[in-house]
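S.K.: Residues 0 to 105, numbered by numbering that gives the first Met the number 0, are exactly what the sequence shown covers, in order. This is the structure I want to talk about, given as structure tokens.
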Amino acid sequence: MQPEPADLSPRPLRWAWFLWLNVLSFGIAAAIFIFLYHADFLDSWTSGVAHWFAAHSGISSLIATAPLLVTLLISLEYAKKGMRKRAAARSAAASAAQPQPGPERE
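Have a look at this one:
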């Protein structure tokens, strides 16, 4: 018996991958958190890094806002792409609305 076309829908497969990747990412995040929580040997290094970031607050702020700035840059490019697409569609509609010169009638 062959599966029906509805059984071959990519939607359940997408959901399965979505759930699997979420479980995997949460597992990795938990492992990193547990490692850092129990990593007493990193105390001198982490305190040095924390003091350096406290002394250089401008760099800390730039690092903290970098994801936002990248997101804004990408969004700006998508907006420009959309504006160019709409302008091209308007231009095509305007040229299609104008009467085309054809053979003259006698």
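Don't be surprised by glycine CBs; every beta carbon is placed ideally from N, CA and C. What you are looking at is a predicted structure, and each value in this text was computed from that prediction instead of being measured.
Could you check whether residue 59 and residue 52 sit closer than 8 Å to each other, using their CB atoms as the reference points?
M.R.: Taking the first residue of the sequence shown as position 1, residue 52 is located at position 53. Taking the first residue of the sequence shown as position 1, residue 59 is located at position 60. Yes, they are a contact pair.
S.K.: What's the gap between the Cα of residue 27 and the Cα of residue 38?
M.R.: Taking the first residue of the sequence shown as 1, we reach residue 27 at position 28. Taking the first residue of the sequence shown as 1, we reach residue 38 at position 39. Those two C-alpha atoms are separated by around 16 Å.
S.K.: To the nearest angstrom, how far is the alpha carbon of residue 69 from that of residue 96?
M.R.: Against the sequence shown, residue 69 aligns to sequence position 70. Against the sequence shown, residue 96 aligns to sequence position 97. Whole-angstrom Cα-Cα distance: 41 Å.
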